[in-house]
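Quick note on numbering: the sequence shown equals residues 19 to 192 in the numbering used here.
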Amino acid sequence: MSNLLNPATGGLPVRRSGSAFADRQAAIAAVELLLPSLSAALQGDAIGDSGCLHIVIMDPGLGPHDAPFEDAILYEFSLPAPKEWDADYRAYARAKARLSWETGRDGHLVQALEPHRLRAGDTNLWGGVARDGIVVGVSGALPWFDEAFAGCIAQCLRAFAKHRADATPDALAL
19 MSNLLNPATG
29 GLPVRRSGSA
39 FADRQAAIAA
49 VELLLPSLSA
59 ALQGDAIGDS
69 GCLHIVIMDP
79 GLGPHDAPFE
89 DAILYEFSLP
99 APKEWDADYR
109 AYARAKARLS
119 WETGRDGHLV
129 QALEPHRLRA
139 GDTNLWGGVA
149 RDGIVVGVSG
159 ALPWFDEAFA
169 GCIAQCLRAF
179 AKHRADATPD
189 ALAL
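So this is what it looks like as structure tokens:
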């Protein structure tokens, strides 16, 4: 007998697609909007002395129960090219994004106020944020600036998603 709720899959769970409005194109636009500020910040040592930054943006339409972490990464960006780095900022940014993605909370909040949620292997670095389902991890600056940059990127992605949703009110079906 066919599955009436999901006849095309024969009862297998349907893999959810990513966000309709906060997609890769919107994530790229969010980073590009902030790129002049991020680049300028790296020129001095006020935000840290690495001169590097790596950004990981998770797909807000895919949570930990919908997809593996790697598949839920929407966009990554490095500044400058990783060959010029003094550390693996990509791994750090991914670890920060993973913690925020798995918990739905800012990494610093989990580490400072909810240590009972931490598991073996979770990062003790902060710089990952979760804003209304949008998760961004940043590494390369001092932790409070990583967190600030991640928050700015999340807010810009949210703005692009709102703009796109407003421009296409009939894009989603009932």
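Even glycine gets a Cβ: it sits at the ideal position worked out from N, Cα and C.
Less than 9 Å between the beta carbons of residue i and residue j, yes or no?
i	j	result
residue 76	residue 109	no
residue 49	residue 95	yes
residue 80	residue 45	no
residue 153	residue 169	no
residue 164	residue 145	yes
residue 151	residue 78	yes
residue 60	residue 158	yes
residue 179	residue 37	yes
residue 82	residue 120	yes
residue 47	residue 174	yes
Where does residue i sit, in a helix, a strand or coil, going by DSSP?
i	result
residue 68	coil
residue 247	Coverage of the chain is limited to positions 19 through 192, which leaves residue 247 absent and any answer about it impossible.
residue 37	coil
residue 172	helix
residue 148	strand
residue 30	Reliability fails at residue 30, whose pLDDT of 46 lies under 50, so the model's placement of it is uncertain and the value that follows must be treated cautiously. Three-state result, residue 30: coil.
residue 185	helix
Closest to residue i by C-alpha separation, out of the options, would be which residue?
i	options	result
residue 58	90, 98, 172	98
residue 161	119, 150, 142, 179	142
residue 40	113, 90, 101	90
residue 103	124, 181, 68, 123	68
residue 149	132, 135, 124	124
residue 112	36, 156, 122, 181	156
residue 137	117, 130, 54, 131	117
residue 54	185, 182, 130, 167	167
- Item | Those runs of the beta strand (DSSP E) which lie wholly inside the segment 82-145 and span at least 3 residues | 91-97
- Could you tell me whether the segment 97-108 touches the segment 63-73, using the rule of 3 or more Cβ pairs below 8 Å? yes
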